[in-house]
Structure formats: structure tokens, C-alpha cells
Amino acid sequence: MKRTLLIIFPVILLMGVLLTIFTEKHISSDKDYASDKKIIILMYHNLIKDNEVDEDKFKLGYEGAPYLYTRKESQFLNDMKHIKNQNYQVISLYDFLEIKNKKMSLSRDAVIITFDDGGRSQYDIAFPILKKHGFKATFFVITNRSGEDGFMGWEELREMAEYKDENNKSLFDIESHSHTHLPLPPKDEMGKWKEAVLFELQTSQNLIKKEIGKIPRFLALPGAGNWGRGDEDFIELAKESGYFGIRMWLRKTVNISSDIYQMSSYPVLNKTAVPVPIEEWFKENHEK
Ligand SMILES: [Zn+2]
Numbered sequence: 352m353k354r355t356l357l358i359i360f361p362v363i364l365l366m367g368v369l370l371t372i373f374t375e376k377h378i379s380s381d382k383d384y385a386s387d388k389k390i391i392i393l394m395y396h397n398l399i400k401d402n403e404v405d406e407d408k409f410k411l412g413y414e415g416a417p418y419l420y421t422r423k424e425s426q427f428l429n430d431m432k433h434i435k436n437q438n439y440q441v442i443s444l445y446d447f448l449e450i451k452n453k454k455m456s457l458s459r460d461a462v463i464i465t466f467d468d469g470g471r472s473q474y475d476i477a478f479p480i481l482k483k484h485g486f487k488a489t490f491f492v493i494t495n496r497s498g499e500d501g502f503m504g505w506e507e508l509r510e511m512a513e514y515k516d517e518n519n520k521s522l523f524d525i526e527s528h529s530h531t532h533l534p535l536p537p538k539d540e541m542g543k544w545k546e547a548v549l550f551e552l553q554t555s556q557n558l559i560k561k562e563i564g565k566i567p568r569f570l571a572l573p574g575a576g577n578w579g580r581g582d583e584d585f586i587e588l589a590k591e592s593g594y595f596g597i598r599m600w601l602r603k604t605v606n607i608s609s610d611i612y613q614m615s616s617y618p619v620l621n622k623t624a625v626p627v628p629i630e631e632w633f634k635e636n637h638e639k
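Sequential numbering of the sequence shown, starting at 352, is according to this note's numbering.
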């Protein structure tokens with residue numbers, strides 16, 4: 352009897368210690384990951400040098416206005432300085448995936464910077480500013496426009512994708528904004544819906560892989576209408592095509608529990624306040 356107790360006690364003690372360690376680790380992980388940190392995805396389009404702007408037209412803010420999706424260089428500079436001054440963590444969409452998979456946690460509120468369409472000004476104006484700040488960014492390109500007048504060519508896109516900062520880290524991801532930016536008709540009106548979507552998703556993916564050497568895993572839905580938005584069949588096709596996530600346009604923040612196939616973002620337009628009012632947007636979202 353004594354002998355049995357002598358064996359059992361240390362075993363129970365050991366189990367107790369192990370359980371305590373496991374539980375503590377588990378709790379501290381949950382605390383790290385069930386983060387109260389906020390994330391906002393910014394969506395930029397074109398940029399323009401201040402001295403090239405027609406100021407009267409720039410003030411127009413309605414749909415169809417020539418500069419609606421354009422940010423002046425000075426505005427963009429102010430936005431980036433603000434992000435730096437407020438000490439936001441600038442993360443990539445791949446980082447967000449890591450956060451969702453609990454492989455990374457945030458130490459402070461974060462911003463994800465994205466650009467749509469692949470306009471040439473993103474290379475000429477945004478790229479140097481982002482490099483200077485050491486900010487990560489995602490460029491969603493319309494692959495059949497690459498190299499056209501006013502758009503970045505594969506050479507520029509490669510240069511950004513291959514760029515490494517002083518810590519030898521890549522900062523820029525080239526991702527898909529579909530092949531032709533085709534606004535698809537409603538699903539029920541189009542028998543070829545599936546075929547057309549697959550063409551858009553896969554052609555852009557293959558081209559980026561061929562030209563950049565890396566398979567794009569994120570998709571930004573083209574058009575403010577966000578074709579396919581939240582549509583289960585559409586999301587299934589994106590998944591089948593190997594996409595890890597979809598960025599949309601719905602003026603909401605994201606967090607660890609957001610659906611990565613329905614990530615909302617905030618468009619930063621010509622009339623958007625300078626610097627970009629991130630705190631206001633966090634608050635607006637919080638109050639909803
Ligand atoms: Zn677009």
C-alpha cells in the first residue's frame with residue numbers, strides 16, 4: 352500500500368503541474384489572440400502630383416467626378432505620416448491571415464493599406480512614400496490592363512514585389528483584382544456565370560504567377576457594386592481557385608472573427624478628410 356502511494360502521489364503531482372502549465376498557456380494565448388485591437392483596411396486608387404491637379408474639378412465629389420478616386424500626393428503623404436504618428440501597426444493581408452490562424456497577434460491597432468486597379472501613379476507616387484515609411488501594402492491589379500497607358504507594367508510590379516526593406520523583408524504584395532474588371536450580370540440572368548467568374552479569377556491568378564513568380568491568394572472585388580459579394584457560390588469558386596480571402600468595400604473595420612472571404616474596407620477618396628480619419632472610422636464602426 353505504502354509503495355503504491357509512493358508511486359501514485361508523484362504521478363498525480365506531475366499531472367497537476369502539467370495541467371497548470373497547459374491551462375495557463377492556453378489562457379494567455381486566448382488573451383493574446385482574442386484581441387481588442389482594431390484593424391482597418393484602407394482602399395486607395397489613383398494618386399496625382401499636386402501641381403497636376405485641376406483644383407476646381409478636384410473639389411467635385413459625386414459619382415462620375417474626374418478625381419473621385421484620386422488622392423493628391425500631399426494628401427497621401429499626410430495620411431501616411433498620420434499612420435506613423437499614431438503608431439498604428441501596418442500589416443499585410445497575409446499577416447491578417449496569420450492573426451486569424453492565431454499564429455500572430457497584434458500589439459496595437461493596425462492598418463492594412465491596399466490599392467486597386469494597378470494605376471501607374473501607385474508606382475510613381477505611392478511606392479517611394481511607402482518605402483520611406485517602411486509600410487507594407489497590397490496592390491490589386493487588373494491583369495489585362497498591365498502595361499497599358501496609365502497602368503503599371505509587369506516590370507514595375509516585379510520591382511515592387513521583389514523589393515526588400517533594410518531587414519530584408521518584402522513589403523509589397525501583388526494580388527488579383529480580376530482579369531478584366533468585368534461587372535458581371537446578376538447570377539440568375541447569366542448561364543455562363545460560373546465560367547465567366549472562373550475565367551476572371553484564374554486568368555488573373557495565372558498571369559500574376561507567371562509574371563511575378565508568386566501565386567496571388569487575395570482578391571479584391573471589382574466595381575463598387577462588388578459583384579459576387581457575400582455570394583456563397585462565388586466564394587466557393589474563389590476558394591476552389593485557391594484564394595485565401597476576398598476584400599470588399601463596405602466601410603466597416605475587420606477583426607479576428609471577420610470572415611476573410613468578406614473583408615470590408617474604407618475607400619479613401621479625393622474628398623476624404625486629410626489626414627485619413629482612421630480614429631473616426633474606428634469609432635463609427637464601434638458604435639454600430
Ligand atoms: Zn477597381
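Ideal Cβ placement from N, Cα and C applies to all residues, glycine included. Fair warning: this is a prediction, and the values are worked out from it, not measured in the lab.
Reference residue i, options the options, closest by Cα
i	options	result
L419	D405, G581, T494	D405
L428	E635, P626, P618, K634	P626
F569	H433, I434, F523	F523
K432	T421, P628, W544, N636	P628
L552	H530, Y439, I566, F466	H530
L481	V492, Y514, N495	Y514
I437	E630, N636, K634, E635	Inspection of the sequence shows that residue 437 is occupied by Gln rather than by Ile. The shortest Cα separation from Q437 among E630, N636, K634, E635 belongs to E630.
D387	F491, I493, F585, I450	I450
D475	N397, I390, L393	N397
W600	I607, S615, S472, K483	S615
K520	E403, E635, S443	S443
E424	S458, E403, D610, E635	E403
L457	Q473, E546, D467, Y439	Y439
Y395	Y445, V492, K453	V492
A571	S592, E562, H532, D584	H532
K622	R598, Q426, Y445, I607	Q426
D584	T554, W544, K389	W544
F550	I525, L588, N518, R598	L588
A624	P479, D430, P573, F478	D430
E653	P534, K483, A416	Residue 653 cannot be examined here, being either before or after the span of the chain that is shown, 352 to 639.
Residue-chain proximity (residue i, chain C), Cβ-Cβ < 9 Å
i	result
I476	Chain labels in this structure do not include chain C; a single protein chain is all it has.
Sheet register partners of residue i (DSSP bridge)
i	result
V492	D468, S527
K423	I399
R598	A571, M614
A461	I390, Q440
N605	Going by the sequence as given, residue 605 is Val instead of Asn. V605 pairs with I390.
C-beta atoms of residue i and residue j nearer than 9 Å
i	j	result
G469	A512	no
Y594	Y612	yes
I392	V605	yes
D422	V619	In the sequence as displayed, the identity of residue 422 is Arg instead of Asp. Yes, Cβ-Cβ distance for R422 and V619 is below 9 Å.
G581	L448	no
K603	N636	yes
I559	S527	yes
S472	I566	no
E546	R509	no
M455	D467	no
K435	F633	no
beta-carbon residue i near ligand 2 non-hydrogen atom, thresh 8 Å
i	result
I493	No copy of ligand 2 occurs in the structure displayed; its ligands are ligand 1 alone.
Quick one: complete beta strand (DSSP E) runs, 3+ long, within the segment 497-557? The qualifying runs are 523-527.
On the three-pair Cβ rule with 8 Å, is the segment 498-513 touching the segment 458-465? no
Is the segment 409-417 touching the segment 484-504, taking contact as three or more C-beta pairs under 8 Å? A contact is defined here as three or more CB-CB pairs under 8 Å, and the segment 409-417 fails this definition with respect to the segment 484-504.
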